[in-house]
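Just below is one structure, and these are the notes that go with it.
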Amino acid sequence: MSNTYVLEVNNLKKYFPVKTGVFKRTTGHIKAVDDISFKIKSNETLALVGESGCGKSTTGRTILKLYDSTAGEVFFNGEDIMKISKSQFRHMRKDIQMIFQDPFSSLNPRMTVKELLIEPLATHKIGDSAERNRLVIEMMEKVGLSNEQLTSYPHEFSGGQRQRISIARALIVKPKVVILDESVSALDVSIQSQILNLLIKLQKEFNLTYIFISHDLNVVKHVSDRTAVMYLGQIMEMTETDRLYTNPLHPYTKALLSAIPSLDPYEKKERIILKGDIPDPSNPPSGCPFRLRCPMAHERCIVDKPEFLEQEEGHWVACHLYTQ
Amino acid sequence: MKAFMQSLKNDKVGFIGFIGILLVVIVAILAPVIAPHSPSEIFNEHILQGPNAQFLFGTDELGRDIFSRVVFGAQVSLQVSLTAVGIGAIGGLVLGLISGYFQGKIDQIIMRVMDVFFAFPDILLALTIIAVLGPSLTNTMIAIGIVFIPVFTRLVRSAVMSVKENEYLTSAVAVGVHPLKIIAKHVTPNIMAPFIVQVTLALSGAILTEAALSFLGLGVQPPDPSWGVMLNASRAYMEFAPWTILFPVTAIVMTILCFNLLGDSLRDLLDPKLKS
Amino acid sequence: MSSVLDIKNLSIDFASKKKTYNIVKEFNLRIDKRMKYGIVGESGSGKSLTSLAIMNLLPEVLNISEGSITMQTKEKIDLTKLSPKEMRKVRGKDIAMIFQEPMTALDPLYTIEHQLVEVLRIHTKSSKKEMSDLGLEMLKKVGISRPAETLKSYPHQLSGGMRQRVMIAMALICKPKLLIADEPTTALDVTIQAQILDLMNDLSEEHDTSILLITHDLGVIAETCDRVAVMYAGQIVEETTVKQLFTNPSHPYTKGLLESIKSLGDKERDLYSIPGNVPTPFNYQEMGCRFASRCPHAMSICKTEPAMYQIEGDHKSKCWLHAEEVNLNDEQYLRVGSQ
Amino acid sequence: MLIPVLFGVSIVIFIALRVIPGDVAATILGTDATPETLAQLRKNFGLDLPIYEQYLQWIGGVLTGDFGESMRTGKEVLPDILDRFAITFELTILAAIISWIIAIPMGILAGIKRNSKTDFSVRVISLLGVSVPNFALATVLILVLSLSFSYSPPVGYVGFWEDPIRNLQILFLPALVMGTSMAGAVMRMTRSSILEILRQDFIRTIRAKGAKEKIVIFDHALKNAMIPILTIIGLQVGVLLGGTVIIEQIFSLPGLGQLVLTGINQRDFTVVQGAVLFIAFVFVLINLLVDLLYSYLDPRITYK
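Protein chains in written order, with the numbering used here: chain A, 1 to 324; chain B, 325 to 600; chain C, 601 to 939; chain D, 940 to 1243.
Okay, here's the thing in structure tokens:
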């Protein structure tokens, strides 16, 4: 256990039972998160990218113990938080916060902004009433909202402003790690950049560590230091973001990057169009999870599941193309 | 609240219902002042008299003033329906919150028990309970209240489950808020809309069921002036004294109608699906 | 070149009990044969309403208050003046439409075959066998791997990408002159989006179908369209060829949008962002430029509504900066904008 | 699902009736009974056994088709229940059909022509239907008919197979009352289901295909709306079954409801528990039928 890592995830698994029939018997499992490991350094932003159903959100929520993990360890502050009971972990939640995707459903419509911001402070017994008020006012200013808006209800705000409130609510307890679950995906482009700037500014100011979950490769490129590409519950490739975008190794990463529409109408880039759909996660293919859509698939991919190995210093890939 | 009253005023139909209910409530509270006679006072020389100046709605087979009995009947109706709905709503709220929020085994157990109660048609369930407890005013309230518990439990449970879909609930968990506090501050206020609508509609249902039970002789017992009792007692005389049933019937129908009018417009007002 | 669709001066209003709000204002657009035309705008800009207006499928509370929508079928017809019966003959046959949500756009109770053949039954007099065969052929064309099986399945048995393919098959089965695609790939994953955009491109060329693509994603426009209109708060603010738009954007709003996306790659500096919030129809300024409150170039004259100015060729921009009479030294052109 | 619920029902009824204050034996024998005769009668009924043994005896019998004997008449309960159920069932079905004939077309019409005059009148009618209790409607109807046509409710009941016409004459009025007072609820549900479906995305797709409104409404909206309507119909049949208690009383029909009512008044346990269990059984069965219809209508639902 090194001190440089804030969070260490080892072989984390989250299976959801599939229940069918009148008696709701478990007939199979959706392997939403299937044996993933990664470490995050302090002040770093690690992005989890992938398409719908790849398990990136489930990973975030399992780390936060919003779901019970099936197996694996998550070390935070030197403790395996998967082993701590939920009621005990409640007090540790101060240090790991989450910001959600939908600015419309992530704020209780019956609470004023002030109540929303006081609640985390009251929950973790931070400060007296005067201190709390001071913190709320300070936080409002930091996220670019005015104090007159404290008595308003969420529905009086636009999507971008609500996301600012969510950010204030998460950061007011001064967490160490923030999990951002598609936090800018629902916003219009012109608003998205405002919020991204704010998140970057606050990360520096509060020394935050981000787990940035997103499907938007352009946004990920901008905010993250390292990126993990997920497919069917597994990490396919993980390395520094710049390296991933300039020198992707995994065929899936290559296809994903080539599918980003280019903004240059003169440049008609060679796109790798993948065949077929993402397989049903309750019934994944044998061997490599990507093999059914992979243009480079060969026999070994059917039989063997590729191991997640460090190909170059700090560049991890799970693909048979890079193993003998 | 102010905005709510304003939009209710804009909705004429709902407003009529609201005024009607207000009227019934006032009549019930001021019954001793409004009614010229005691509901059980017998005027021997005025048996089955038609409406006249002395007896506004006429008299019944025992020579009692029907107007006074209808006025006091409002008291009985409201008392029964408020208490019964109180029992059903609070019982259902607690069970539904537990069931919907915690899910799992406790939910399974509660819902299976509710399924059993749902297998009885309403009136039959009320009748069985009355049979156990014996017919009386209090037992009528309890019986109707028990009948409403499964209805409210199901409603609250499904409302809780749809509130749980919202990320603000996950957010509260992620912030570390205590489960009981989440239920109190995040869940309950957000299920109030369908709950209040159901309360309004249940009130009308309770009035109807009370009248029905009393009509069968298994609800409120004579000489208590229930509208259902009056209706049942007058059936034998109605051909030559139609006023004996017309006034109680009108009272029942108008009261239920007002609750339904209010319930309907509340539903439209509070249902976010119908907005925008 | 002959136009397929020509919209002139279209306005759409929302009528509440008390007040009428203007949602879309003075909308002009011309789509030529085989053209792929894009409308781009953020949520609430009115882009989707315009497409529903073309199909005459606006929700009851909205109505076309002004303007004409001329369609070239056998003769020129104004769609806003058609009877419901005449309009039905146009829908599905001359103009087809696909929607954003593939998951809810198909009736859950009928097989894919029924829903595919339904279009043919409405517009043609083919035999059952012919219709069924054509359905199968269309499914093959949209790249469904097991078409015969898919024909017999129900929507819930298909993935989002598959359903969107079915929607495209359904839209193109009558060989329409115009295909309106309203955010066709927004609900889909990137790799599936690439498949669907490719497919639409290929098929429109094969069938000689013009496309009106509505999206919030400038990248999608760059990849697929020839011409583009940028909408902001119910109005077109810039209209030009796609190449012009991306190399030489002229309206401050377009510039801002492009700038904020392009700066995404550059970690060294802050992302470029447009300040303020997107307005809603309830707070559109009655007068003047609707973008002025967020515009870095806002001037005092922006309280008056600018016209659509021709910049060069057929590149148009709705901004005072492009008016010939602008004299930046004049007092009424004083900068009042932020930044 | 079905069987545990019915067992639950049987336990609830059984225990409930056993805690009734008041002793059947005492009620039957009257005030001049000696303790010995009372004890003897209790023993005859098996009332001296522990309650769980009483239950096991009873439920064991029920499972083999023996519902026990009436504590009052000594007659077997099941044949009596079946006889009377024939009347109640016929009444319920007639009432249900009447209400569907009135309510479903009107509900559809109101849903399609939202905010029109038709819609308005349907809403007023349905609101009245929901607000007028069936016993009030029955009483007023009899009053009006007797005043204007000197009608009086027929005395005596004739079975359908004995004299179908006379039978229908007898049942028509009560069925009409029940049917019309239920129509209100079905009408509202139909209307709101249609409105809900018409808001769905796929309706827009079908219109975009150029389909006539006839196809939109009949092929798509109606078929989809049938699913929620069916739910309501299932529940309403239960309400009707219960409602017969009152209507049978008013029209003096010897149905199951009346049997329950006299049973309660006479504290005849075996009759009441048998009849109530039977009604619950029918109700649960109808809801099962509705579920099966669902899976027929909706390809998304499968029962395996």
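C-beta: ideal position from N, C-alpha, C; glycine also.
Source: prediction; values computed, not measured.
Bridge-paired residues (DSSP) for residue i
{"i": "Gln835 of chain C", "result": "C:Tyr832"}
{"i": "Ile814 of chain C", "result": "C:Ile639, C:Asp782"}
{"i": "Ser214 of chain A", "result": "A:Val49"}
{"i": "Arg827 of chain C", "result": "C:Tyr637, C:Thr841"}
{"i": "Asp389 of chain B", "result": "B:Thr383"}
{"i": "Thr239 of chain A", "result": "A:Thr227"}
{"i": "Leu629 of chain C", "result": "C:Ile607"}
{"i": "Tyr327 of chain A", "result": "Any question about residue 327 of chain A goes unanswered here, given that chain A covers just 1 to 324."}
{"i": "Asp80 of chain A", "result": "A:Phe75"}
{"i": "Thr568 of chain B", "result": "In the DSSP output, where bridge partners are listed per residue, Thr568 of chain B has none listed."}
{"i": "Asp181 of chain A", "result": "A:Ile213"}
{"i": "Gln234 of chain A", "result": "A:Tyr231"}
Unbroken beta strand (DSSP E) run spanning residue i, endpoints
{"i": "Arg25 of chain A", "result": "25-41"}
{"i": "Lys752 of chain C", "result": "Here Lys752 of chain C belongs to no beta strand (DSSP E), and DSSP marks it neither H nor E."}
{"i": "Ile473 of chain B", "result": "Note, Ile473 of chain B: premise wrong, no beta strand (DSSP E); alpha helix (DSSP H) at 461-488."}
{"i": "Asp678 of chain C", "result": "676-678"}
{"i": "Ser362 of chain B", "result": "Looking at the DSSP string, Ser362 of chain B is not in any beta strand (DSSP E), and its letter there is neither H nor E."}
{"i": "Lys916 of chain C", "result": "915-917"}
{"i": "Val317 of chain A", "result": "315-317"}
{"i": "Ser668 of chain C", "result": "662-672"}
{"i": "Ile273 of chain A", "result": "Ile273 of chain A -> no beta strand (DSSP E), and no H or E assigned at all."}
{"i": "Met655 of chain C", "result": "Run containing Met655 of chain C: none; DSSP gives neither H nor E here."}
Nearest-angstrom Cβ-Cβ length linking residue i and residue j, presumed shorter than 8 Å
{"i": "Met738 of chain C", "j": "Leu772 of chain C", "result": "7 Å"}
{"i": "Ser804 of chain C", "j": "Lys636 of chain C", "result": "7 Å"}
{"i": "Ile952 of chain D", "j": "Gln1139 of chain D", "result": "Between Gln1139 of chain D and Ile952 of chain D the Cβ distance is about 43 Å, and since that is not below 8 Å, they are no contact."}
{"i": "Gly1149 of chain D", "j": "Lys685 of chain C", "result": "In fact, because the Cβ distance is near 10 Å, the residues do not count as touching under 8 Å."}
{"i": "Leu605 of chain C", "j": "Met671 of chain C", "result": "6 Å"}
{"i": "Val523 of chain B", "j": "Val409 of chain B", "result": "6 Å"}
{"i": "Pro295 of chain A", "j": "Ile272 of chain A", "result": "7 Å"}
{"i": "Met139 of chain A", "j": "Leu171 of chain A", "result": "7 Å"}
{"i": "Val317 of chain A", "j": "Leu249 of chain A", "result": "5 Å"}
{"i": "His851 of chain C", "j": "Val830 of chain C", "result": "7 Å"}
Run of the alpha helix (DSSP H) containing residue i, from where it starts to where it stops
{"i": "Ser611 of chain C", "result": "Looking at the DSSP string, Ser611 of chain C is not in any alpha helix (DSSP H); the run it does join, the beta strand (DSSP E), is 603-615."}
{"i": "Thr70 of chain A", "result": "Thr70 of chain A -> no alpha helix (DSSP H), and no H or E assigned at all."}
{"i": "Gln97 of chain A", "result": "Note, Gln97 of chain A: premise wrong, no alpha helix (DSSP H); beta strand (DSSP E) at 96-99."}
{"i": "Ile340 of chain B", "result": "336-353"}
Residue-level contact to chain E via CB, residue i, 8 Å cutoff
{"i": "Ser917 of chain C", "result": "No chain E is part of this structure, whose protein chains are labelled A, B, C and D."}
- request: Could you name the residues of the segment 548-581 of chain B whose beta carbon sits closer than 7 Å to any beta carbon of chain D, in the order they occur along the chain?
  value: Leu555, Arg559, Met562, Glu563, Pro566, Ile569, Val573, Ile576, Val577, Ile580, Leu581
query: Listed in chain order, which residues of the segment 1132-1150 of chain D have Cβ atoms closer than 9 Å to some Cβ of chain C?
result: Within the segment 1132-1150 of chain D, the qualifying residues are Gln1139, Asp1140, Phe1141, Ile1142, Arg1143, Thr1144, Ile1145, Arg1146, Ala1147, Lys1148, Gly1149, Ala1150.
field: Runs of alpha helix (DSSP H) wholly within the segment 1166-1237 of chain D (minimum 4 residues, chain order)
entry: As far as the segment 1166-1237 of chain D is concerned, its whole alpha helix (DSSP H) runs of at least 4 residues are 1195-1205, 1208-1236.
- prompt: Taking any Cβ of chain A, which residues in the segment 490-503 of chain B have a Cβ under 9 Å from it, in chain order?
  reply: Asn490, Glu491, Tyr492, Leu493, Thr494, Ser495, Ala496, Val497, Ala498, Val499, Gly500, Val501, His502, Pro503
Near-chain A residues of the segment 860-874 of chain C - C-beta to any C-beta below 9 Å: So the close ones are Ser860, Ile861, Lys862, Ser863, Leu864, Gly865, Asp866, Lys867, Asp870, Leu871, Tyr872, Ser873, Ile874.
Contiguous beta strand (DSSP E) assignments of at least 3 residues, all confined to the segment 500-531 of chain B: Complete beta strand (DSSP E) runs here, min 3: none at all.
Interface positions of the segment 111-136 of chain A facing chain B (Cβ-Cβ less than 8 Å), listed along the chain: Met111, Glu119, Pro120, Thr123, His124
message: If we require 3 or more residues per run, which beta strand (DSSP E) segments fall completely within the segment 1062-1113 of chain D?
response: As far as the segment 1062-1113 of chain D is concerned, it has no whole beta strand (DSSP E) run of at least 3 residues.
field: Interfacial residues, the segment 700-728 of chain C to chain D, with Cβ spacing under 7 Å
entry: Glu701, Thr704, Ala705, Leu706, Asp707, Pro708, Leu709, Glu718, Val719, Ile722, His723
field: Under 7 Å (Cβ pairs) to chain D, residues found in the segment 384-407 of chain B
entry: none
query: Which runs of the alpha helix (DSSP H) spanning at least 4 residues fall entirely within the segment 852-917 of chain C, listed in chain order?
result: 852-862
- prompt: Taking Cβ-Cβ distances below 7 Å as the criterion, which residues of the segment 1077-1095 of chain D are in contact with chain B?
  reply: Thr1078, Val1079, Leu1082, Ser1085, Leu1086
query: Relative to chain D, which residues along the segment 770-782 of chain C have a C-beta separation below 8 Å, given in chain order?
result: Met770
- prompt: Residue ranges of each alpha helix (DSSP H) run of no fewer than 4 residues wholly in the segment 415-460 of chain B, ordered along the chain?
  reply: 428-442, 446-457
- prompt: Going along the segment 30-56 of chain A in order, which residues come within less than 8 Å of chain C, judged by CB to CB distance?
  reply: The residues in question are Glu51, Ser52.
- request: Please go through the segment 1014-1052 of chain D and give each complete alpha helix (DSSP H) segment of 4 or more residues, from N-terminal end onward.
  value: Along the segment 1014-1052 of chain D, the alpha helix (DSSP H) occurs as fully enclosed runs of 4 or more residues at 1016-1051, listed in sequence order.
message: As an exercise, report each continuous alpha helix (DSSP H) stretch of at least 4 residues that is fully enclosed by the segment 983-1019 of chain D, in chain order.
response: 990-1002
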